[in-house]
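Which chain is which? The protein sequence lines are A and B, in order.
Using this note's numbering, you'd call the opening residue of the first sequence number 591 and step up by one each time.
Using this note's numbering, you'd call the opening residue of the second sequence number 26 and step up by one each time.
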Amino acid sequence: MDIQIEDRLPFKLVRLSGDVDLHSSPRAREAILNALKLKMPLLVELSAVSYMDSSGVASLVEGYQTARKQGLEFGLVAVAQSAMNVLKLARLDKVFPIYDSLDEII
Amino acid sequence: MQIPELAIDVSHLVTHYGSRKILDDISFQARQGEIMVIMGGSGSGKSTLLRHLLGLHQPTSGSIRLLGKDITQLNADQMYDLRKNMGVAFQGGALFNSMTVGENVELPLREHARLDENTMRIMSRMKLEVVNLAGFENLMPAELSGGMIKRAALARAIVMDPRLLFFDEPSAGLDPVVSAELDELILILRDAMNMTIVVVTHELESAFKIADRITVLDQGRILMSDTVTAVRASDNPRIQSLLNRTPRNEAINPDEYMERLTREIF
């Protein structure tokens, strides 16, 4: 898994790519929670995610709830199909703000 | 992640309990994302087959390839690694009575993964949502109904997002509505996660609803391993008697029978 962090004002953007699984998701979680410490609204871009398991989705859930508690905007962008399947299984596709592309929100 | 197309490949499996042959020349395959139902009456060998698929017994001969690996040849460490890709929902649930539902579901994560406490709790609660047990994580197993125990066991079996899911008798002891809900859940899991799912059952209705293919066992042998349509259309009298629930009336071999009764006596 690869993590890239960019400034796309007014947002902080975390791009995840590759496999977000039991081994790599703790790094994704850390990147998301650290980015939220900057008190900026956060987008997580997932178009290059080849596989995401429940631990990756749990990290997104924790990030979203942390953002909500601080009144920060949080969204998922370009969710790859495999990740979307896991989100849908737990009906989280109806919970997260999800955008098809960065253009849609920035 | 590289996944072999054949998730399960059993070839010429022969097993004995003591001197009695339980499984005789069993061969069948299941592809990734396929739901394979193993059917058969009591004593047909289906539970024994399941126990071998889980690597709990060493067969007399033959091979069992799971996700491309022959489990009859793996050492304990290799089998431990492979088991992280396998989930099992046991017939009686096999929940730990001294642990809450949530602790039961989290247990595989604590044993096999290094994750933050919050991540594990969210993961187990997500799976409880999937099986419609949201909010029950603090109950003890003794406080659950039969259907809830099955669903909690299923949540625990899938908490690691396994490639292979084994489900022993999902319908046994449940009312028709609850068992239909479990069937629906099995289909949803396969579609969402592309899991390969092996369901052992003697419930015809359930088998026909969920199976891509059915393997019918009878007295330790495979009568048929084929699509639902082919099994329904089979003119094999034993399969028809299973389908029509007629009692078996098999011929007795007097020599074999006497040998079984008097072995090690005379």
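Beta carbons: idealized from backbone N, C-alpha and C, even for Gly.
Note that the structure is predicted; figures quoted are calculated from it, not measured.
Asked                                                                                                                 : Found
Within 9 Å, strictly: CB atoms of isoleucine 63(B) and isoleucine 239(B)                                              : yes
Backbone secondary structure at glycine 172(B) - three-state DSSP                                                     : helix
Contacts of lysine 678(A) in chain B (Cβ-Cβ under 8 Å)                                                                : Ala217
Counted within 10 angstroms of its Cβ, other Cβ atoms place histidine 37(B) as buried (16 or more) or exposed         : exposed
Residue ranges of each beta strand (DSSP E) within the segment 82-145 of chain B, 3 or longer                         : 86-91 and 111-114
C-alpha distance - glutamate 131(B) paired with methionine 185(B), whole-angstrom precision                           : 9 Å
Test item: CB-CB of tyrosine 105(B) and threonine 73(B) under 9 Å                                                     : no
Secondary structure of alanine 638(A), DSSP reduced to three states                                                   : strand
Contact with chain A by threonine 144(B), beta-carbon distance below 9 Å                                              : yes
Selection from Met630(A), Ile593(A) and Gly646(A) that minimises the alpha carbon distance to asparagine 143(B)       : Gly646(A)
Buried or exposed by the 16-neighbour rule on C-beta atoms within 10 Å, applied to phenylalanine 664(A)               : buried
Separation of valine 35(B) from asparagine 97(B), as counted between CA atoms                                         : At residue 97(B) the sequence reads threonine, which differs from the asparagine that was named. Answer to the nearest angstrom: the Cα atoms are 11 Å apart.
Beta-carbon separation (whole angstroms), isoleucine 89(B) vs alanine 55(B), contact threshold 8 Å                    : Rounded, the Cβ-Cβ distance is 12 Å, inconsistent with contact.
Where asparagine 624(A) meets chain B, residues with beta-carbon distance less than 9 Å                               : Those do not exist, as asparagine 624(A) stays about 13 Å from chain B at its closest Cβ, beyond 9 Å.
Cβ separation of alanine 618(A) and methionine 591(A), assumed to be a contact under 8 Å, to the nearest whole Å      : 7 Å
Given glutamate 59(B) as reference, the closest of Val223(B), His137(B) and Lys94(B) once Cα atoms are compared       : Val223(B)
Buried versus exposed call for proline 631(A) [16 or more other C-beta atoms within 10 Å across all chains shown]     : buried
Contiguous beta strand (DSSP E) assignments of at least 3 residues, all confined to the segment 147-201 of chain B    : 189-193
Bridge partners - methionine 319(B), DSSP secondary structure assignment                                              : No statement about residue 319(B) is possible, as the shown extent of chain B runs from 26 to 291 and does not include it.
Selected residue, minimal CA-CA separation from glutamine 265(B), among Met249(B), Arg176(B), Ile277(B) and Ala276(B) : Met249(B)
Within-9 Å CB hit, serine 614(A) to chain B                                                                           : no
Glutamate 294(B), DSSP secondary structure in three states                                                            : Given that chain B is displayed from residue 26 to residue 291, the structure contains no residue 294(B) and the question cannot be resolved.
Arginine 139(B) versus leucine 31(B): straight-line alpha-carbon distance, rounded                                    : 30 Å
8 Å Cβ cut-off: residues of chain A touching leucine 107(B)                                                           : What leucine 107(B) touches in chain A: nothing, since even the nearest Cβ is about 15 Å away.
Local conformation of leucine 633(A) per DSSP, three classes                                                          : strand
Minimum Cβ-Cβ distance from valine 610(A) to chain B less than 9 Å                                                    : no
Alpha-carbon to alpha-carbon, aspartate 49(B) and histidine 77(B)                                                     : 13 Å
DSSP state of glycine 646(A) mapped onto helix, strand, coil                                                          : helix
Aspartate 592(A) at chain B interface by Cβ criterion, 9 Å                                                            : no
Buried versus exposed call for isoleucine 696(A) [16 or more other C-beta atoms within 10 Å across all chains shown]  : exposed
DSSP state of leucine 628(A) mapped onto helix, strand, coil                                                          : coil
Within-9 Å CB hit, alanine 138(B) to chain A                                                                          : yes
Span separating the alpha-carbon of leucine 120(B) from that of lysine 152(B)                                         : 15 Å
9 Å Cβ cutoff met for leucine 199(B) and glycine 112(B)                                                               : no
Unbroken alpha helix (DSSP H) run spanning leucine 268(B), endpoints                                                  : 262-268
Lysine 684(A), buried or exposed, once every other Cβ within 10 Å from all chains shown has been counted against 16   : exposed
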